[in-house]
DNA sequence: ATGCTTTTTTATCATTTGTCAATTTTTAAA
DNA sequence: TTTAAAAATTGACAAATGATAAAAAAGCAT
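Protein chains in written order, with our numbering: chain A, 396 to 582; chain B, 396 to 582.
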C-alpha cells in the first residue's frame with residue numbers, strides 16, 4: 396500500500412485521519428499462481444490493487460478465452476461492470492503469478508467515495524485514465540493488423556510481452572496462439 | 396436541454412439555483428450536415444450534448460477513417476482524451492445530420508464538477524456507463540467475426556444501422572465498406 | 001535427473017477480410 | 001427533370017488469420 400498512499404498523498408495531501416480510514420478500507424490478500432479471485436457468474440465484491448504479482452480479467456465462452464485486462468504492480472483491476480452494478484459477472488479474475496493484493500470491498504469503495512474527497516478525486520482520475528486506455532485498444536482493433544497491435548504493445552507496455560505467456564498474450568490481442576507464434580517469428 | 400434536465404432532476408433533485416447554473420453553462424449550437432465541430436490537431440474545448448441530429452467522433456490516418464463514437468439524441472460526445480487533458484486531439488468531430496447541440500466548455504465543465512454535486516454524480520455515472528460501452532466493443536473485437544459484430548449491433552443499437560451510411564457504419568465496425576456490403580447481403 | 005504435462009512452434013488447408021476495379025444505385029445540385 | 005457526384009454493390013484475386021494436427025521445447029513434480 397505504501398507506494399499507492401504516497402502517490403495519493405502527493406496529489407491530494409491526505410490528513411492522518413484520512414490515511415487511517417483508507418488503510419482500514421483495504422484488506423491484504425496473498426495469492427498463488429493460477430488461483431481464482433472471481434469466477435464468472437458471481438458478483439465482483441472487490442476491486443484489487445496489485446502490490447506484487449499479476450492478475451488478469453478474462454472471459455471464457457467455452458471455445459475461447461478473451462483476456463480483457465492485465466494488472467501489474469500498483470494497478471487496480473476488477474470485473475468493472477459487475478463491481479459497479481453489483482450484478483453477476485461474465486468475467487473471471489485469476490492470478491498469473493504468486494502475489495500480494497489489497498482488496499477493497501464494494502461497501503468500502505462507496506464509503507470512501509462519500510467520505511474521503513481525495514479518494515473520490517483519485518477514483519475519477521483513474522476511471523478517466525482507464526477509459527483512455529481501453530479507448531486506445533478500440534483504436535488498435537479498428538485500424539491495425541495483429542502484427543501492428545503486437546508491435547505497438549511491445550513499445551507501449553513491454554511488461555505485457557515479458558511477463559505473460561503466449562496463450563494469455565494472444566487472447567489479449569484477440570488472436571490465436573498460433574497466429575501470435577507466427578507474428579513473433581516474423582521480422 | 397429539457398429532457399436532460401428532467402433526467403438529472405429525477406435522479407438528483409436539483410435546486411432552482413443549480414438548474415440556473417447548469418443552463419448557463421451550456422451554449423446552444425446549430426449545426427449542418429457534414430459540418431466539423433473539431434478538426435484533428437486542435438484541442439477539444441467542448442463536450443457536446445446532442446439535442447437533435449447525429450455526430451461522430453473519428454480519426455483519419457490518410458488511408459482509412461475509423462469511427463470511434465456515434466452520439467444520437469440525449470447522448471454526449473467529445474474527443475475525450477483531448478478534452479480531459481486539454482491536449483491536441485487525434486480525432487475530428489463531425490455532424491452527420493443537421494441538428495441542435497448544447498456545448499459545455501472545459502472551463503464550465505470543471506466549474507460544474509466543483510460547484511454542483513449533482514452534476515459531479517451525474518458525470519461519474521456517465522463515465523462509468525461510457526467505460527462499460529467501450530469495454531463491450533473490445534469484447535466484440537476480441538471474440539466476434541465482423542458478421543457477428545454487425546448482428547449484435549442490430550439488436551443492441553438499431554439506430555446505428557438505420558441512421559448511418561454504410562461507409563460510417565463500416566468504419567465503426569472496423570471493416571471495409573465492401574465487407575459490410577457483403578455481410579448485409581448474407582442471410 | 002526423470003518422466004509427465006503444458007506451452008510453443010511448425011505445417012497444411014480453410015475461412016474471413018482486404019484490395020482493386022467496374023457497375024449500379026442513390027443522393028444532391030443545377 | 002436532368003445531370004453530376006457520392007455511395008453501395010459485385011466480382012476476381014490477394015493477404016491475413018483461424019482450425020486442426022503433429023512435433024519440439026519448456027516447465028514442473030517426483
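We treat Cβ as the ideally placed atom computed from N, Cα and C, and that holds for glycine.
Comparing alpha-carbon positions, which option in the options lies nearest residue i?
i                      : options                       : result
residue 560 of chain B : B/527, B/547 and B/428        : B/428
residue 501 of chain A : A/485, A/489, A/495 and A/481 : A/481
residue 524 of chain A : A/471, A/435 and A/434        : A/471
residue 403 of chain B : B/420, B/570 and B/516        : B/516
residue 457 of chain A : A/485, A/464, A/549 and A/465 : A/485
residue 520 of chain A : A/396, A/510, A/407 and A/398 : A/407
residue 514 of chain A : A/542, A/409 and A/398        : A/409
residue 398 of chain A : A/453, A/496 and A/412        : A/496
residue 510 of chain A : A/468, A/412, A/401 and A/400 : A/412
residue 445 of chain B : B/492, B/462, B/544 and B/434 : B/492
residue 469 of chain B : B/557, B/544 and B/396        : B/396
residue 464 of chain B : B/574, B/573 and B/555        : B/555
residue 483 of chain A : A/459, A/460, A/434 and A/467 : A/434
residue 569 of chain B : B/467, B/405, B/466 and B/544 : B/544
Quick one, are the C-beta atoms of residue i and residue j less than 9 Å apart?
i                      : j                      : result
residue 562 of chain B : residue 494 of chain B : no
residue 442 of chain B : residue 499 of chain B : yes
residue 476 of chain A : residue 530 of chain B : yes
residue 507 of chain A : residue 518 of chain A : yes
residue 536 of chain B : residue 488 of chain B : no
residue 522 of chain A : residue 526 of chain B : yes
In angstroms, rounded to a whole number, what distance separates the CA positions of residue i and residue j?
i                      : j                      : result
residue 432 of chain B : residue 440 of chain B : 10 Å
residue 422 of chain B : residue 567 of chain A : 42 Å
residue 473 of chain B : residue 539 of chain A : 23 Å
residue 490 of chain A : residue 425 of chain A : 10 Å
residue 541 of chain A : residue 512 of chain A : 42 Å
residue 580 of chain B : residue 478 of chain A : 40 Å
residue 577 of chain B : residue 553 of chain B : 19 Å
residue 436 of chain B : residue 571 of chain B : 25 Å
residue 401 of chain B : residue 415 of chain B : 14 Å
residue 565 of chain A : residue 547 of chain B : 24 Å
residue 504 of chain B : residue 418 of chain B : 12 Å
residue 593 of chain A : residue 451 of chain A : Residue numbering for chain A in the displayed model covers 396 to 582; residue 593 of chain A lies beyond these limits and cannot be assessed.
residue 438 of chain B : residue 430 of chain B : 17 Å
residue 573 of chain A : residue 549 of chain A : 18 Å
residue 557 of chain A : residue 467 of chain A : 12 Å
residue 575 of chain B : residue 405 of chain A : 50 Å
residue 551 of chain B : residue 420 of chain A : 38 Å
residue 460 of chain B : residue 459 of chain A : 30 Å
Hey, could you find the ends of the alpha helix (DSSP H) residue i is sitting in?
i                      : result
residue 489 of chain B : No alpha helix (DSSP H) contains residue 489 of chain B, which is instead part of the beta strand (DSSP E) from 487-490.
residue 548 of chain A : 541-551
residue 411 of chain A : 411-420
residue 403 of chain A : 397-407
residue 467 of chain A : Per DSSP, residue 467 of chain A belongs to no alpha helix (DSSP H) and is neither H nor E.
residue 581 of chain B : From DSSP, residue 581 of chain B is part of no alpha helix (DSSP H); its letter is neither H nor E.
residue 527 of chain B : 512-538
Which first and last residues belong to the beta strand (DSSP E) in which residue i is found?
i                      : result
residue 498 of chain A : 494-500
residue 563 of chain B : Segment 561-568 is the alpha helix (DSSP H) holding residue 563 of chain B; no beta strand (DSSP E) there.
residue 446 of chain B : 441-447
residue 484 of chain A : Taken as a continuous stretch (DSSP letters only), residue 484 of chain A belongs to no beta strand (DSSP E), as it is neither H nor E.
residue 433 of chain A : 431-433
residue 454 of chain B : 450-455
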